[in-house]
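S.K.:
2 protein chains.
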Amino acid sequence: MATFTRVNASSGVLKEIKVDLDSALDLRELRTVLKALGDVERLRIVQLLAGYQEISVSHLTQALRISQPLASWHLRILRKAGIISRRKEGRQAYCSLNRCKLAQCQEALAGLVGRPGAGMARQDNM
Amino acid sequence: MATFTRVNASSGVLKEIKVDLDSALDLRELRTVLKALGDVERLRIVQLLAGYQEISVSHLTQALRISQPLASWHLRILRKAGIISRRKEGRQAYCSLNRCKLAQCQEALAGLVGRPGAGMARQDNM
DNA sequence: ATAATATATAAATGCTTCTTTATAGATTCT
DNA sequence: AGAATCTATAAAGAAGCATTTATATATTAT
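So the sequences go chain by chain: A and B. Mapping of the first sequence onto the working numbering: residues 1 to 126, in sequence order. Mapping of the second sequence onto the working numbering: residues 1 to 126, in sequence order.
1. By a C-beta neighbour count over all protein chains shown, 10 Å radius and 16 as the cutoff for buried, is CYS100/A buried or exposed?
2. Which chain A residues are close to VAL113/B, counting only those with a beta carbon under 7 angstroms from its beta carbon?
3. Please go through the same chain and pick out, in chain order, the residues whose beta-carbon is closer than 7 angstroms to the beta-carbon of ALA81/B, but skip the five residues on each side of it.
4. How about ARG131/A: is its C-beta nearer than 8 angstroms to some C-beta of chain B?
5. 8 angstroms is my cut-off, CB to CB: does VAL57/A come that close to chain B?
6. Judging by CA-CA distance, which residue of GLY51/A, ALA50/A, ARG87/A and SER67/A is the nearest neighbour of SER58/A?
7. Check whether the Cβ of GLN106/A lies closer than 8 angstroms to any Cβ atom in chain B.
8. Give me the residue from ILE84/A, PRO69/A and LEU30/A with the minimum Cα distance to VAL46/A.
9. The beta strand (DSSP E) with SER85/A in it runs from where to where?
10. What does DSSP give as the partner residues of ARG96/B in its beta bridges?
11. Out of HIS74/B, THR61/B and TYR94/B, point me to the one whose CA is closest to ILE55/B's CA.
12. Mapping DSSP to helix, strand and coil, what is SER67/A?
13. Just to confirm, is the Cβ distance from LEU25/B to ARG44/A under 8 angstroms?
14. Can you find a C-beta in chain A that's less than 8 angstroms from the C-beta of LYS35/B?
15. At which residues does the alpha helix (DSSP H) containing GLN47/A begin and terminate?
16. Where GLN104/A and LEU60/A are concerned, what is the direct C-alpha to C-alpha distance, given to the nearest angstrom?
17. Run the CB neighbour count on GLY38/A, radius 10 Å, all protein chains shown included, and call it buried at 16 or more, exposed below.
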């Protein structure tokens with residue numbers, strides 16, 4: 001298992017943590033990804049993106065029949081969550097799916113409920 | 001594969017679609033489930049519930065150190081999304097995880113991006 | 001340089017979500 | 001019956017989200 005150490009900033013306590021890079025989604029990041037996916041328009045974007053290597057914003061806008069600023073809005077949320085990437089070429093922006101991020105999300109979800117210790121720390125205090 | 005036919009209301013076109021019942025989450029329902037999971041408190045609830053057959057609301061409230069009304073609020077959202085079930089006994093309410101729903105969610109997510117046709121209809125109009 | 005195109009951002013607006021405090025409903029205990 | 005307990009709901013407020021219209025920025029074409 002590939003690991004690295006990092007500082008736990010959220011707790012205020014400086015503590016080293018072993019993190020599994022292959023499914024390194026803590027609760028907060030998992031929340032962010034799931035929240036980003038929890039919208040029909042954004043799911044349609046992901047669905048569309050899944051069928052292509054990459055696609056320009058204008059094509060996406062046409063394909064999904066949504067306004068261009070709305071597409072930009074949703075793309076921004078997906079990008080901030082790490083679900084998609086953007087490549088700029090000339091005046092176009094090409095979007096592509098970060099499939100590994102989605103895989104991580106599924107992993108984390110499975111780890112949350114399934115195998116203890118896989119992708120997510122378990123608390124056993126009751 | 002268990003299937004049934006239904007009308008595609010979103011497109012306005014009346015069209016019969018084969019649906020896989022084992023991962024029968026359409027975009028809207030997937031959205032609802034993901035949205036319900038897209039919150040740290042609710043993920044903590046799911047995480048806790050995953051470790052037990054069932055757990056009472058008051059135990060859950062203590063374990064997660066959140067107020068009782070807040071627990072009720074989040075539990076309601078999880079229940080409406082089909083992620084948890086509730087069994088009432090006396091004055092207590094016992095919550096349990098619907099693991100199959102989470103599995104469906106993972107399936108749908110995988111189907112959305114991965115195998116075409118698995119769990120989710122694909123659009124190929126570009 | 002001007003015009004056209006592609007994308008992003010801003011402002012405004014209505015809607016939903018999260019959280020707390022307070023209260024109601026139902027069940028058990030004395 | 002009355003008191004205590006468990007859970008749900010209501011009201012209220014702050015914060016955040018989705019959407020539209022209008023505008024800015026950057027790039028290409030004429």
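Where a beta carbon is used, it is the ideal one built from N, C-alpha and C, also for glycine.
M.R.: Taking the structure as given:
1. The sequence position of residue 100/A within the first sequence is 100, counting from 1. CYS100/A comes out exposed.
2. As a position in the second sequence, residue 113/B is number 113, starting the count at 1. Result: VAL46, ALA50, LEU97, ARG99 and LEU102.
3. As a first step, residue 81/B is located in the second sequence; it is residue number 81 there, counting from the start. The residues are THR32, VAL33 and ALA36.
4. Within the shown structure, residues of chain A are numbered from 1 to 126, placing residue 131/A beyond reach of any answer.
5. Numbered from its first residue, the first sequence carries residue 57/A at position 57. Not one chain B Cβ lies under 8 angstroms of VAL57/A.
6. Position 58 of the first sequence, counted from the start, is the residue given in the question as residue 58/A. It is SER67/A whose Cα lies nearest to the Cα of SER58/A.
7. In the first sequence, residue 106/A corresponds to position 106, counting from 1. Closer than 8 angstroms to some Cβ of chain B, the Cβ of GLN106/A qualifies, so yes.
8. For the purposes of this step, residue 46/A is taken as residue 46 along the first sequence, with counting starting at 1. Among ILE84/A, PRO69/A and LEU30/A, the Cα nearest to that of VAL46/A is on ILE84/A.
9. Along the first sequence, read from residue 1 onward, the residue named residue 85/A stands at position 85. Where SER85/A is concerned, the enclosing beta strand (DSSP E) stretches over 84-89.
10. The sequence position of residue 96/B within the second sequence is 96, counting from 1. The residue asked about is misnamed: residue 96/B is Ser in this sequence, not Arg. According to DSSP, which records beta bridges pairwise, SER96/B is partnered with SER85/B.
11. As a position in the second sequence, residue 55/B is number 55, starting the count at 1. Checking every option, the nearest Cα to that of ILE55/B belongs to TYR94/B.
12. Counting from one through the first sequence, the residue named residue 67/A turns up at place 67. If DSSP states are grouped into helix, strand and coil, SER67/A belongs with coil.
13. Here residue 25/B is taken as the residue at index 25 of the second sequence, counted from 1. Here residue 44/A is taken as the residue at index 44 of the first sequence, counted from 1. The answer is no: Cβ separation not under 8 angstroms.
14. The residue you call residue 35/B lines up with position 35 of the second sequence. So yes, LYS35/B belongs to the interface.
15. Translated into positions along the first sequence, residue 47/A becomes position 47. GLN47/A -> alpha helix (DSSP H) spans 40-50.
16. Counting from one through the first sequence, the residue named residue 104/A turns up at place 104. Counting from one through the first sequence, the residue named residue 60/A turns up at place 60. If you take the alpha carbons of GLN104/A and LEU60/A, they lie about 25 angstroms apart.
17. Start at 1 with the first residue of the first sequence, and residue 38/A comes out as number 38. It counts as buried.
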